[in-house]
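*Asks:* First the structure, then my questions, so here it is.
There are 2 protein chains.
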Amino acid sequence: MLTVEQAVQAKAIALGKLAVRATTAAKAGHPTTALSLTHLVTELLYRVMRWDPADPRAAGSDRLVLSEGHAVPILYAACADLGVTITPHGQARPMTQDDLMALRDIDSPVDGHPNPELGFPFFDAATGSLGQGLSVAAGLAAAARLDGIDKTIYCIIGDGESREGQIWEAMDFIADHELTNVVAIFNCNTLAQSDYVSPAQDWVHLQHKAQAFGWIALEIDGHDPAKIDDVLRNRTALAKGKPLCVVARTVKGWGVPDLAGMGHHGTPVKQEQLEAVLAALDRLGREFGVDGAPAEDIAQLLRITPPLEVPPAQVDVSTPASLGAVAQGNAKIASALRDKKMMSPRRAFGTALKMLGAANPQVVALDADVKNSTYAEDFAQAFPDRYFEARIAEQNMVSAAAGLASGGKIPFVSTFGRFLERAFDQIEMAIIGGANLKLVGTHVGVTLASDGPSQMGLADVAFMRTFAHVRDSHGNPAMTILTPSDAVSAYGLVLAMAETSGACYLRAVRSDLPVLYPEGENFPLRSHKVVRPALQGSAGRPLVFVAWGYLVHSCLKAAQMLEEDGVSAAVVDAYSLPADVPAILALAGDEGCIIAVEDNYVGGLGSELAETAATIEGAPPIYPLVVGRIPKSGRSADDVLHYVGLGVEDIVEAARHHMHVAG
Amino acid sequence: MLTVEQAVQAKAIALGKLAVRATTAAKAGHPTTALSLTHLVTELLYRVMRWDPADPRAAGSDRLVLSEGHAVPILYAACADLGVTITPHGQARPMTQDDLMALRDIDSPVDGHPNPELGFPFFDAATGSLGQGLSVAAGLAAAARLDGIDKTIYCIIGDGESREGQIWEAMDFIADHELTNVVAIFNCNTLAQSDYVSPAQDWVHLQHKAQAFGWIALEIDGHDPAKIDDVLRNRTALAKGKPLCVVARTVKGWGVPDLAGMGHHGTPVKQEQLEAVLAALDRLGREFGVDGAPAEDIAQLLRITPPLEVPPAQVDVSTPASLGAVAQGNAKIASALRDKKMMSPRRAFGTALKMLGAANPQVVALDADVKNSTYAEDFAQAFPDRYFEARIAEQNMVSAAAGLASGGKIPFVSTFGRFLERAFDQIEMAIIGGANLKLVGTHVGVTLASDGPSQMGLADVAFMRTFAHVRDSHGNPAMTILTPSDAVSAYGLVLAMAETSGACYLRAVRSDLPVLYPEGENFPLRSHKVVRPALQGSAGRPLVFVAWGYLVHSCLKAAQMLEEDGVSAAVVDAYSLPADVPAILALAGDEGCIIAVEDNYVGGLGSELAETAATIEGAPPIYPLVVGRIPKSGRSADDVLHYVGLGVEDIVEAARHHMHVAG
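Listed in order, the protein sequences are those of chains U and H. Numbering-wise, UniProt numbering puts 323 at position 323 of the first sequence, and it's gapless, one number per residue. Numbering-wise, UniProt numbering puts 150 at position 150 of the second sequence, and it's gapless, one number per residue.
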């Protein structure tokens with residue numbers, strides 16, 4: 001009869017062979033990285049983790065985040081072996097070896113890197129852009145703790161990958177929040193893509209670093225089943241109340257001498273070498289005395305522990321749709337808005353977020369040391385257990401939020417819009433993974449004035465909008481951008497964000513703004529408001545200003561000035577992207593023209609209108625006014641608006657110019 | 001007579017008072033952070049650094065990078081006191097106290113955060129988005145070492161700021177490359193914006209972390225002039241061959257009890273409290289026995305050491321314009337291209353980069369562990385001293401490149417285009433700072449196929465293009481995007497990048513592509529090539545495909561298929577953004593239409609054309625074909641192109657559809 005250790009060896013070899021075969025079939029992938037994880041993955045999936053292959057997302061399951069996403073073939077091999085449930089095209093069924101061999105095929109959910117949205121619910125998030133997984137694990141751990149579920153979140157990180165600063169942001173975050181239900185496993189195979197890893201990423205330094213970051217760090221042989229088992233099973237005792245980091249020495253291309261050393265990173269084994277490589281692994285099996293061991297003996301020894309039983313009530317997720325209705329009715333807010341004629345959109349965000357927190361226990365918030373500027377502190381004070389101070393580390397904040405979203409929470413992530421740019425990669429990964437992420441960027445646009453361009457969200461719009469016209473796996477826009485022009489619309493749009501499933505981005509200027517809308521006004525997505533209609537029978541060509549945020553007010557002033565000259569101009573508050581562009585174009589009629597006014601660089605509102613208008617014969621012309629030069633500090637919003645050509649007088653002048661062109 | 005230490009105290013108090021007054025005048029800024037740096041800045045600028053206020057960018061000057069840019073009023077105070085040369089509107093003159101009191105004014109180069117481009121050459125780079133300065137310092141240090149100049153680069157980092165992962169990427173990079181001419185100073189004032197810093201960022205943990213990252217870390221009292229002087233003057237001996245990190249315990253709001261503790265972060269002293277605050281600092285002066293000390297006595301004791309003398313030849317920077325001409329003539333390249341009909345643009349990039357390296361010793365390269373994929377390894381092998389392996393840490397790589405650029409080098413920064421997204425914030429800061437940055441993103445677009453969306457550059461275009469229409473301080477586009485469609489154009493565009501001053505981004509697909517252009521073809525910026533003219537007298541509406549990169553080839557195939565139906569379509573290779581849009585629109589004539597085809601998300605080529613077309617009455621319609629859904633892995637480029645609606649058949653179908661619409 002086999003020992004357990006032999007059973008693990010046998011399984012590790014079998015999985016390694018499958019991973020090699022799958023990458024050869026795909027003619028792509030990273031078999032050598034996969035081989036370095038054979039024993040760690042076998043121990044985790046077959047011995048240590050409490051989970052159920054038939055229900056990989058069960059609430060009480062331990063989780064595994066593969067931060068080094070390119071190692072995924074070894075996980076796919078295990079999932080195929082275990083018949084884990086996959087849901088290609090929405091149809092649930094057990095994964096087969098045929099599925100495994102379809103790795104990277106266009107019709108397969110077995111993608112090049114982990115991607116739950118394609119129908120692989122084993123994964124909690126998309127990974128593949130390196131250095132993000134530990135933050136996702138932190139978010140999952142935080143969600144589990146909020147739900148009172150004592151599950152463990154394992155995260156496998158490459159040694160080369162640990163060069164990414166975000167890993168160390170996550171190490172700090174996990175230590176800060178005492179998320180001792182996370183276990184970080186560094187896969188120290190010493191080889192990156194183009195070179196050996198730096199000494200700074202060797203196992204000795206990684207251990208020292210982890211200790212300096214407040215973790216317990218234990219070094220083990222990552223191919224020794226007994227050692228892996230020992231450290232993972234005794235993790236609570238070993239960690240002594242700190243988060244545990246396992247620094248595992250492994251071999252890239254384990255078991256196959258021909259695949260050792262440099263030059264075998266993202267290189268599948270060629271078909272003609274496949275048999276030799278598989279034979280090398282079989283030889284190892286003979287050495288371990290497990291060659292030809294009956295599958296039932298191995299299965300007998302490798303019994304997966306089922307997930308914790310979790311009462312449904314413990315993870316009852318209110319539907320997002322219920323949030324707005326509950327929060328809307330709150331009289332306090334209405335009176336706050338009624339009594340205060342000037343209010344900043346960010347302050348209304350804080351108020352709305354706190355209301356949402358009261359309405360739904362699944363709402364959580366994260367902020368990066370600017371909660372007193374974004375007003376996320378309203379939520380933080382009311383619901384300290386559901387607030388996660390992320391400190392000055394935006395990348396970790398966004399990926400942790402993706403983890404929280406995957407754990408069933410509705411995370412609102414706030415900082416200056418400019419600093420969300422630090423996490424654009426993480427935002428894209430969250431979008432790929434289908435995270436229900438609510439991003440809030442304050443202090444956007446040039447009207448921030450005094451602090452200068454390093455603090456102004458100006459490129460945020462172009463980046464976020466590129467996803468607004470990408471369909472996600474449900475056919476919805478992968479991103480919705482919302483720019484309130486007053487406190488009422490800010491409040492309403494925060495509710496709308498909560499009600500919408502999927503990624504949203506609210507852009508809120510710093511300034512106090514006059515209230516434009518009556519209390520309780522609704523702000524449906526993909527729509528806009530005509531805040532000033534055109535007068536009938538006015539002089540010249542019909543003019544429509546289309547703006548958002550602060551500049552709606554500038555356009556209203558410009559329209560007022562033009563009216564004094566007998567020129568009528570309508571003003572549209574285009575608070576939502578994607579916008580209902582045909583309806584906006586129709587406002588200009590057959591003869592009119594549109595001037596799009598925005599306080600950011602090109603690629604936003606004007607582009608949105610122009611892209612559609614350019615496809616329509618007879619569409620009104622769209623004249624853009626954007627921030628066309630790098631701004632600087634100014635002591636007032638007006639100073640900076642003038643500097644970049646967006647002052648009220650610039651808007652009036654543009655209107656007069658374009659009327660003349662038309663005249 | 002005063003002691004030196006008293007002179008430092010007197011100066012520190014005087015600078016502190018100036019910084020407080022300036023922020024009060026500006027009604028904005030961070031006086032308390034400034035006060036925490038009084039002694040460190042005084043010691044550095046008046047005692048330790050070798051530099052010349054009249055020529056702050058002298059080649060032999062020590063440098064100071066203020067990573068926590070919001071602390072800048074204390075540096076401005078010192079610069080005003082010293083009459084450092086500023087160059088507002090290009091006119092050099094000494095900075096005055098009036099300049100200081102104009103802090104953050106729209107007409108002033110004394111911006112809210114350090115910004116050399118406004119006429120403040122003391123700074124080497126724009127800072128203000130946190131966590132980037134140490135990487136800039138690393139780049140400056142690398143440049144100095146290449147030039148053989150033994151100068152020291154000091155960098156001041158906030159304790160809260162040290163939460164940013166990029167700081168730790170920089171710590172690794174500096175240790176890896178043994179840049180012992182960098183001195184990192186952590187300003188541990190224990191207070192961030194919204195809270196006390198985490199224990200993870202206290203001075204004890206920062207010291208442990210720095211040591212674990214291979215640095216010598218020394219803790220000092222940051223308000224003790226003797227201690228500061230001692231550690232900075234003896235830095236070489238103390239550091240024992242490692243980079244030196246000074247962990248300085250400081251007091252936020254030093255000297256002013258009313259400004260101690262939380263609640264005083266970005267808050268200037270109100271006018272009515274100003275006298276009391278200044279009086280508190282004066283009281284300290286009396287305590288130190290320096291109140292009323294004659295200015296000449298202080299000046300006598302605080303003598304700045306002049307910069308090292310550097311022979312002009314040592315930093316002779318060839319003009320960028322000479323690069324292309326020198327590199328162009330190389331016969332090897334011509335024959336390589338002649339003999340090889342298929343070549344990937346990235347391989348041509350590697351070849352061109354190596355040629356540039358031979359042509360100009362100022363060309364340097366950085367890559368993030370994918371040099372064997374980007375072909376930056378051609379350069380790395382030929383010029384190992386000028387190649388900086390940045391490992392898997394893109395943020396540090398980009399900011400270090402900005403530092404190298406500021407140090408007179410021409411840095412080429414390569415990785416997958418998707419992974420440059422990790423450094424979008426750093427790219428924006430480099431643009432603000434006017435860095436001559438050459439970015440190269442390979443493996444862009446959906447044709448990467450097999451690796452899936454986590455590896456495909458798809459949002460890169462929208463982000464980079466938002467800067468293509470922003471004017472920099474010289475009135476030029478702040479970014480130029482170049483997308484080659486074959487090896488010849490890739491080679492030519494790399495030369496064009498080198499010849500252009502300012503930020504450029506080359507997008508290179510992974511695939512081998514047929515050669516479209518004859519050897520030696522020139523590729524001027526802001527232009528395009530008609531690679532297939534329309535035939536005269538063909539059926540239907542004139543059709544113009546406008547594409548870039550891989551999709552130029554798809555459009556050529558589509559045009560071929562349409563020709564078989566008797567439909568003539570022209571194909572334009574729009575390799576440059578900003579584009580010459582009017583010229584492209586003119587190709588469609590009065591009756592034609594344009595189909596823009598691109599392998600990225602919306603916000604690129606189609607938007608570029610539509611934005612202009614939408615302003616022109618009678619412009620041809622622009623029909624966009626973009627990546628409209630999140631892609632996935634596929635085993636061939638064709639599979640994924642088809643999946644996202646960009647297959648040749650999709651292009652043909654779009655052409656037929658739009659011809660019918662027109663018909």
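Note that beta-carbon positions come from the ideal geometry of N, C-alpha and C, so glycine has one too.
Spell out whether any CB of chain H is found under 8 Å from the CB atom of U:Leu556.
*Replies:* So, not an interface residue.
*Asks:* List the residues of chain H whose Cβ lies closer than 9 Å to the Cβ of U:Lys209, in chain order.
*Replies:* Those within 9 Å of U:Lys209 in chain H are Trp168, Lys209, Ala212, Phe213.
*Asks:* Under 8 Å between C-beta atoms, does H:Asn234 make it to chain U?
*Replies:* No - not a single Cβ of chain U is within 8 Å of the one on H:Asn234.
*Asks:* Buried or exposed for H:Glu296, going by 16 or more other Cβ atoms inside 10 Å?
*Replies:* H:Glu296 comes out exposed.
*Asks:* Closer than 8 Å, CB to CB, is H:Glu421 near chain U or not?
*Replies:* Yes, its Cβ sits closer than 8 Å to a Cβ of chain U.
*Asks:* What does H:Met429 reach in chain U if we use C-beta pairs closer than 7 Å?
*Replies:* Per Cβ cutoff of 7 Å: Ser454.
*Asks:* Enumerate in chain order the residues of its own chain whose CB-to-CB distance from U:Ala382 is below 8 Å, with the five nearest sequence positions on each side excluded.
*Replies:* Correct list, in chain order: Lys354, Gly357, Ala358.
*Asks:* Give the single residue among U:Ile651, U:Gly566, U:Ala293, U:Val48 whose Cα lies nearest to the Cα of U:Thr305.
*Replies:* For U:Thr305, the nearest C-alpha among the options comes from U:Val48.
*Asks:* Can you give the Cα-Cα distance for U:Val269 and U:Asp291, rounded to whole angstroms?
*Replies:* Cα to Cα, the separation comes out at about 22 Å.
*Asks:* Report buried or exposed for H:Gln426, applying the criterion of at least 16 other Cβ atoms within 10 angstroms of its Cβ.
*Replies:* Classification of H:Gln426: buried, given that the 10 Å Cβ count is 16 or more.
*Asks:* Reducing DSSP to helix, strand and coil, say where H:Leu130 ends up.
*Replies:* Coil.
*Asks:* Which residue comes first and which comes last in the beta strand (DSSP E) that contains residue 673 of chain U?
*Replies:* Residue 673 of chain U is absent from the structure shown; chain U starts at 1 and stops at 663.
*Asks:* Tell me whether the beta-carbon of U:Ser198 lies closer than 8 Å to the beta-carbon of H:Asp172.
*Replies:* Taking 8 Å as the Cβ cut-off, U:Ser198 and H:Asp172 qualify as a contacting pair.
*Asks:* Taking just the CA atoms, how far does U:Val251 sit from H:Tyr375?
*Replies:* About 27 Å.
*Asks:* Anyone know if the C-beta pair for H:Ala144 and H:Asn181 falls short of 8 Å?
*Replies:* Yes, these two residues count as a Cβ contact at 8 Å.
*Asks:* In this structure, does DSSP put H:Asn372 in helix, strand or coil?
*Replies:* Correct three-state label for H:Asn372: helix.
*Asks:* Which of helix, strand or coil does DSSP assign to U:Gly663?
*Replies:* Interpretation of U:Gly663 is limited by its pLDDT of 38, a score under 50 that renders its predicted location unreliable; no figure is taken from the coordinates.
*Asks:* Considering only C-alpha positions, which residue in the set U:Thr480, U:Gly445, U:Ser406 is nearest to U:Ala430?
*Replies:* U:Ala430 has its Cα closest to that of U:Ser406, out of U:Thr480, U:Gly445, U:Ser406.
*Asks:* Could you give the uninterrupted runs of the alpha helix (DSSP H) lying entirely in the region 292-317 of chain U, keeping only those of 4 residues or more?
*Replies:* The qualifying runs are 295-301.
*Asks:* So, is the C-beta of H:Ser485 closer than 8 Å to a C-beta in chain U?
*Replies:* By this cut-off, H:Ser485 is not an interface position.
*Asks:* Tell me where the alpha helix (DSSP H) around H:Ile106 begins and ends.
*Replies:* From DSSP, H:Ile106 is part of no alpha helix (DSSP H); its letter is neither H nor E.
*Asks:* With C-beta atoms as the reference, is U:Arg386 less than 8 Å away from U:Ala400?
*Replies:* For U:Arg386 and U:Ala400, no; Cβs fall outside 8 Å.
*Asks:* Taking C-alpha atoms, which residue in U:Glu272, U:Ala390, U:Ala212, U:Ser36 lies nearest to U:Val156?
*Replies:* According to the sequence shown, residue 156 of chain U is Ile rather than Val. Of the listed residues, the one whose Cα sits closest to U:Ile156 is U:Ser36.
*Asks:* For U:Glu178, does the three-state DSSP call read helix, strand or coil?
*Replies:* Correct three-state label for U:Glu178: coil.
*Asks:* Along chain H, in chain order, which residues have C-beta atoms closer than 8 Å to that of U:Gln97?
*Replies:* Those do not exist, as U:Gln97 stays about 18 Å from chain H at its closest Cβ, beyond 8 Å.
*Asks:* Please confirm whether H:Val597 and H:Leu625 have their CB atoms less than 8 Å apart.
*Replies:* Yes; because the gap between Cβ atoms is below 8 Å, this pair is in contact.
*Asks:* Would you mind giving the Cβ-Cβ distance between H:Lys409 and H:Met497, rounded to the nearest angstrom? I have them listed as a contact below 8 Å.
*Replies:* Not a contact, Cβ separation roughly 14 Å.
*Asks:* Within 10 angstroms of its Cβ, does U:Arg510 collect 16 or more other Cβ (buried), or is it exposed?
*Replies:* When all chains shown are included, U:Arg510 counts as buried.
*Asks:* Is the shortest distance between the beta-carbon of H:Ala19 and the beta-carbons of chain U less than 8 Å?
*Replies:* No, its Cβ sits nowhere closer than 8 Å to a Cβ of chain U.
*Asks:* Compute the distance between the beta-carbons of H:Asn187 and H:Leu40, then report whether it is under 8 Å.
*Replies:* In this structure, H:Leu40 lies closer than 8 Å to H:Asn187 by Cβ.
*Asks:* Going by CA-CA distance only, name the one from H:Arg163, H:Val72, H:Val136 that's closest to U:Ala390.
*Replies:* The shortest C-alpha separation from U:Ala390 is found at H:Arg163.
*Asks:* Exposed or buried, what is U:Pro56 when buried is set at 16 or more other beta-carbons lying within 10 Å of its beta-carbon?
*Replies:* By the 10 Å Cβ count, U:Pro56 comes out buried.
*Asks:* Which residue comes first and which comes last in the beta strand (DSSP E) that contains H:Ile216?
*Replies:* Its beta strand (DSSP E) spans residues 216-221.
*Asks:* What did DSSP end up calling U:Glu68 once you bin it into helix, strand or coil?
*Replies:* Coil at U:Glu68, not helix or strand.
*Asks:* Would you identify the three-state DSSP class for U:Ala508, choosing helix, strand or coil?
*Replies:* Strand, per DSSP.
*Asks:* DSSP state of U:His658, grouped into three classes?
*Replies:* Of the three classes helix, strand and coil, the one that applies to U:His658 here is helix, per DSSP.
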